[in-house]
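Asks: Its first residue numbered 1115, the sequence shown is counted upward by one per residue in the numbering used here.
Idealized CB from N, CA, C, for every residue including glycine.
Since the model is a prediction, treat every value here as computed from it, not as a measurement.
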Amino acid sequence: MSVTGFPGYLPQANEERTQKLRNLCLYLHVGELDTGWLAGMQLMYYQFRDAGLKVHFTVEKGQHHRLETFENEGAARLFDQFDTVVLTSATLAVGGRFDYLKQRLGIQPANEKVLPQEFDFREQALREKITAVDAVLYTHTHADHILGIDDLRPLSFAHKPGRLPLYADPGAAEFLRNMFRYIFDADYKFGGLPQVEMKAIEGPVELFGARFEPVTVIHGETPILGFRFGSAAYLTDHSDVPAESLDRLRGLDILFLDALRYKPHPTHSTVEQSLKIVDEVKPKRAFFTHICHDLPHAATEATLPPGVRLAYDGMKLEFEI
Ligand SMILES: [Zn+2]
Ligand SMILES: [Zn+2]
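Take a look at the structure:
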């Protein structure tokens, strides 16, 4: 359970509440730049740890508090009508309902509102009838890019007796091994786990006769990877592309790049910034991805130069690899 969106409850952690939380595993996530919550949540982490609770505390480098960002964009309206808001994820539903969680937290009765998850590998794979995956290349370890790992499970079985290879830079590989220890450190004899193996990216990755060249981009304050393969390149998340990386993106037929919205964002590129990158490296075709709800499809495309389009779900392109 993430308690990031649980204001007013944990700071008054009396014995009764602490008991209720004892059997849960608590995940406290806070943005490094959120000074209002950082110190308090760290203190809470020490208190809970000392009280013998299972608790993990992670600081997201270079990030603001997610709710604060959300709130600044007018989403406060969503929460205004409530005294206390608990944000959780579908993984804590039992039989599609949150009754068990609510009972454990002692917060019944409570209203529920379901916010659909837009990054759903399973739904997308079913829609596009993807029945085989040969390898996975990770760009970085943010949740929207890694939480589909369990849905690789049925696809990984086709690799038996081998394993589906996953590629990530050494830091990301270590993070993924830790985060998904039940997969990577498993001592479980009865099958059922994704049959995957983690391989560290130390340079270009040769796969099936094609060369996937890692291209470093800056995502907030973190260097992460994009990939160039043949005449195409795919950069998912970036707020800056260093000059030496721009040089490796010249002469492309297709460039996919991040263009979140018009308004500046600490970890993502804006339409204006991405158009500058396109202008600089001059791919024949450019497609904006990681776009948010601020960019209505047709209206945005009408303002873009002809060689630049918004990517969309189910898009299929041909290129030289
Ligand atoms: Zn990211
Ligand atoms: Zn992302």
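(1) Which one or two residues does DSSP pair with residue 1347 in a beta bridge?
(2) Closer than 8 Å is the cut-off here; do at least three beta carbon pairs connect the stretch 1310–1320 with the stretch 1277–1288?
(3) Please classify residue 1419 as buried or exposed, where buried requires at least 16 other C-beta atoms within 10 Å of its C-beta.
(4) Compute the distance between the beta-carbons of residue 1253 and residue 1351, then report whether it is under 8 Å.
(5) Output the boundary residues of the beta strand (DSSP E) element that contains residue 1392.
(6) Along the chain, where does the alpha helix (DSSP H) that runs through residue 1417 open and close?
(7) Taking 7 Å as the line, does the beta carbon of residue 1351 fall inside it for any heavy atom of ligand 1?
(8) Per DSSP, what kind of secondary structure is residue 1337 in: helix, strand or coil?
(9) Taking the straight line between their C-alpha atoms, what separation do you get for residue 1168 and residue 1278?
(10) Ligand 1 and residue 1256: does the residue's C-beta get closer than 7 Å to at least one heavy atom of that ligand?
(11) Starting from the N-terminal side, write out each stretch of the beta strand (DSSP E) that is 3 residues or longer and does not extend beyond the stretch 1252–1278.
(12) Whose C-beta lies closer than 8 Å to the C-beta of residue 1187 among residues of the same chain, with five residues either side of it excluded?
(13) Please say whether residue 1397 and residue 1369 have beta carbons closer to each other than 8 Å?
(14) Between the alpha carbons of residue 1426 and residue 1134, how many angstroms are there, rounded?
Replies: So, from the data block:
(1) Locating residue 1347 in the sequence shown gives position 233, where the first residue counts as 1. Bridge partners of residue 1347 according to DSSP: 1342, 1369.
(2) Touching, per the Cβ criterion.
(3) Counting from 1 along the sequence shown, the entry for residue 1419 is found at position 305. When all chains shown are included, residue 1419 counts as exposed.
(4) Against the sequence shown, residue 1253 aligns to sequence position 139. Against the sequence shown, residue 1351 aligns to sequence position 237. Cβ atoms of residue 1253 and residue 1351: closer than 8 Å.
(5) As a working note, residue 1392 is residue 278 in the sequence shown. It is not in any beta strand (DSSP E) - residue 1392 instead sits in the alpha helix (DSSP H) that spans 1385–1395.
(6) Locating residue 1417 in the sequence shown gives position 303, counting from the first residue. Note, residue 1417: alpha helix (DSSP H), 1411–1417.
(7) Residue mapping note: residue 1351 aligns to position 237 of the sequence shown, counting from 1. Under cutoff, so the answer is yes.
(8) Taking the sequence shown and counting its residues from 1, the one referred to as residue 1337 is at position 223. Residue 1337 falls in the strand class under three-state DSSP.
(9) Position 54 of the sequence shown, counting from 1, holds the residue named residue 1168. Position 164 of the sequence shown, counting from 1, holds the residue named residue 1278. Each residue's alpha carbon lies about 32 Å from the other.
(10) What you label residue 1256 is simply residue 142 of the sequence shown in a count that begins at 1. Yes - ligand 1 has a heavy atom lying nearer than 7 Å to the Cβ of residue 1256.
(11) Counting only runs of 3 or more, we get nothing.
(12) Counting from one through the sequence shown, the residue named residue 1187 turns up at place 73. The predicted model places residue 1187 with a pLDDT of 49, which falls under 50 and marks its position as unreliable, so this point remains unresolved.
(13) As a working note, residue 1369 is residue 255 in the sequence shown. As a working note, residue 1397 is residue 283 in the sequence shown. Yes; because the gap between Cβ atoms is below 8 Å, this pair is in contact.
(14) Residue 1426 sits at position 312 when you count from the first residue of the sequence shown. Residue 1134 sits at position 20 when you count from the first residue of the sequence shown. The straight-line gap from Cα to Cα measures roughly 44 Å.
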